[in-house]
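The sequence shown maps to residues 27 to 394 in our numbering. Yeah, the Cβ is synthetic: ideal placement off N, Cα and C, and Gly gets one too. Beneath this line is the structure, given in structure tokens, with notes to follow.
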Amino acid sequence: MATTDQSPPPSRSAGRRVLPSRPTGRRRVTPAQIRNTADLSGCFETVSHWRVLAVFKQAFPLLGLDERLRTLIDVLFRYTQAQDWDGKGLPIVWPSRWQLMRDLGLGLRSVQVHIALALEAGLIVSHEQGGGQHWGFRDAEGRITKASGFSLAPLAERLPQWERLLEVQRQEAAEAARLRRECGFLRRQLLELTAVGAAQAVAGTLWEELEAQAEALIAQVQGVDDPRPLAPLAGRLRLLLDQATQALRQAFPADCEDDSPYGAAALHPITPTNQVSIANAIAPEACGHAQEVEAGGTGSPRRLVAVRADRPAGGESGSGHAPAMPALRGFPVTPEVLMHLVPALRQRSRRVPTSWRDSPPRSEPRRS
């Protein structure tokens with residue numbers, strides 16, 4: 027009688043090494059975590075931790091990360107100090123799970139999910155020892171000597187990258203604002219031309235259609251902060267503006283002559299450089315006016331100051347007379363000139379003081 031073999035079929039894991047299923051107390055490492063931390067070296071220059079946190083918050087919308095990570099990183103920075111960011115060691119924080127539950131206002135499972143997301147994104151690195159307990163020691167100067175927790179060094183290492191990202195974003199925002207202003211300017215010009223064409227009933231162009239196309243293009247411009255899609259829209263508005271301009275030039279050739287002075291030097295007014303100086307034009311008339319006022323006359327500005335060539339020179343030795351020179355050099359602001367320039371001062375002054383030019387010359391004492 028034949029017997030059949032009732033032995034079970036061989037297992038699929040035969041010949042393979044089966045890993046123990048008991049927990050090891052270590053965190054699982056995911057492929058995304060390895061990919062996001064591959065460029066980290068753990069070294070960074072001295073930096074302020076408040077600056078790192080501020081730049082991280084500014085660049086966070088550009089990183090495409092989970093919104094929960096912003097709150098977690100903000101909470102972790104409460105457990106670090108300024109001396110931890112001198113570049114000589116790692117800025118490790120060791121808050122307990124219960125402290126994180128209190129600060130985040132979440133349950134234990136939610137806190138674990140937040141930590142796993144931060145580790146996978148490469149924002150923090152695990153430096154846990156033993157069974158995952160968090161603890162740390164500082165010396166008398168407050169520096170970390172030994173700790174088990176999470177390192178915030180990846181944030182300091184990525185600081186230059188985030189600053190460059192913010193600078194590029196600022197430049198793109200400025201370029202987008204310029205393109206939006208240009209599109210608005212082109213739209214206003216185009217609407218003015220379409221209004222003229224429709225009012226004059228210029229044939230050959232559908233002015234209502236041009237206006238509708240301009241409004242459709244400007245509707246796509248609103249709220250766009252990326253300059254890349256704005257540049258083609260501005261180009262299409264320029265083409266519509268050129269089309270409307272050419273249509274009006276053909277309809278009214280006499281009224282569309284290029285009379286702009288731009289690029290034509292002959293149309294610019296030439297400013298003469300041989301104008302009379304202010305001293306020669308104003309000061310003599312002012313002094314003549316003041317002399318007539320002092321003499322009791324009408325103050326006609328037609329009188330001029332006489333040049334006195336025989337006036338003695340006050341500090342020179344020798345002949346005792348100064349050489350002939352013009353009475354006005356530059357723009358002398360004498361009381362008489364001031365009275366002429368500001369007529370309101372005449373009412374406050376009872377009489378015009380005598381100018382030094384009108385005083386009689388002093389005779390030099392004779393030497394024995």
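Item                                                                                                                                                                    : Value
What span of residues does the alpha helix (DSSP H) with Trp-120 cover, start to end?                                                                                   : Trp-120 -> no alpha helix (DSSP H), and no H or E assigned at all.
Just to confirm my understanding: we take Ser-152, look at its own chain, exclude 5 residues before and 5 after, and list those with CB closer than 7 Å. What are they? : Arg-53, Leu-145, Phe-176
Who are Ser-152's beta bridge partners in DSSP?                                                                                                                         : Phe-176
What residue does the beta strand (DSSP E) around Trp-188 start on, and which one ends it?                                                                              : Note, Trp-188: premise wrong, no beta strand (DSSP E); alpha helix (DSSP H) at 185 to 225.
Just confirm the distance between the C-beta atoms of Leu-219 and Ala-270, as a whole number of angstroms; I'd bet it's less than 8 Å.                                  : 4 Å
Are the CB atoms of His-160 and Ser-122 nearer to each other than 8 Å?                                                                                                  : yes
Using only CA atoms, which one of Glu-201, Leu-102, Leu-116 lies nearest to Leu-256?                                                                                    : Glu-201
Go through its chain and collect everything with a Cβ distance to Leu-66's Cβ below 8 Å, but skip five positions before and after it.                                   : Gly-148, Val-151, Ala-179, Pro-180, Glu-183
Taking Gln-107 as the reference, which of Arg-164, Ala-225, Leu-259, Glu-235 has the closest Cα?                                                                        : Arg-164
For Phe-163, which three-state DSSP category applies?                                                                                                                   : strand
Can you tell me which of the three DSSP states Thr-171 falls into?                                                                                                      : strand
Would Leu-267 pass as a contact of Leu-212 if the rule is Cβ separation under 8 Å?                                                                                      : yes
Give the secondary structure of Pro-369 by DSSP, where H, G and I count as helix, E and B as strand, and everything else as coil.                                       : coil
Roughly how many angstroms lie between the CA atoms of Ala-273 and Arg-254, to the nearest whole one?                                                                   : 30 Å
Contact check, Ala-240 vs Leu-217 under 8 Å by CB: the rounded distance?                                                                                                : 7 Å
Counting along the chain, where does the alpha helix (DSSP H) carrying Arg-275 start and finish?                                                                        : 253 to 277
Which of the three DSSP states, helix, strand or coil, is assigned to Ser-74?                                                                                           : coil
Tell me the DSSP secondary structure of Ala-229 in three-state form.                                                                                                    : coil
Expressed to the nearest angstrom, what Euclidean distance is found between the alpha-carbon atoms of Leu-364 and Gln-215?                                              : 52 Å
Under the three-state reduction of DSSP, which class applies to Ser-136: helix, strand or coil?                                                                         : helix
Take the Cβ of Glu-234 as the centre, count every other Cβ of all protein chains shown within 10 Å, and call the residue buried at 16 or more, exposed below.           : exposed
Could you pull the start and end residues of the alpha helix (DSSP H) that Ala-64 belongs to?                                                                           : Segment: none, Ala-64 is in no alpha helix (DSSP H) and carries neither H nor E.
Over the uninterrupted alpha helix (DSSP H) stretch that includes Val-250, give me the two end residues.                                                                : Run containing Val-250: none; DSSP gives neither H nor E here.
Report buried or exposed for Ala-203, applying the criterion of at least 16 other Cβ atoms within 10 angstroms of its Cβ.                                               : exposed
Classify Asp-251: buried if its beta carbon has 16 or more other beta carbons within 10 angstroms, exposed otherwise.                                                   : exposed
Compute the beta-carbon to beta-carbon distance between Gly-115 and Arg-169, rounded to the nearest angstrom, for a pair I have assumed lies under 8 Å.                 : 7 Å
Is it buried or exposed for Pro-87, if we count other Cβ within 10 angstroms and need 16 for buried?                                                                    : exposed
By how many angstroms is the C-alpha of Leu-143 removed from the C-alpha of Asp-129?                                                                                    : 17 Å
Note down the Cα distance separating Gly-259 from Val-78, rounded to an integer number of angstroms.                                                                    : The question names Gly, but residue 259 is Leu in the sequence shown. Cα-Cα distance, rounded: 38 Å.
How many Å lie between Ala-199 and His-366 at the Cα?                                                                                                                   : 58 Å
Whose CA, out of Gln-248, Leu-236, Val-228, Phe-70, lies closest to the CA of Pro-279?                                                                                  : Val-228
Looking at His-140 and Arg-207, is the spacing between their C-beta atoms short of 8 Å?                                                                                 : no
Give the straight-line distance between the Cα atoms of Val-194 and Trp-188, rounded to the nearest whole angstrom.                                                     : 10 Å
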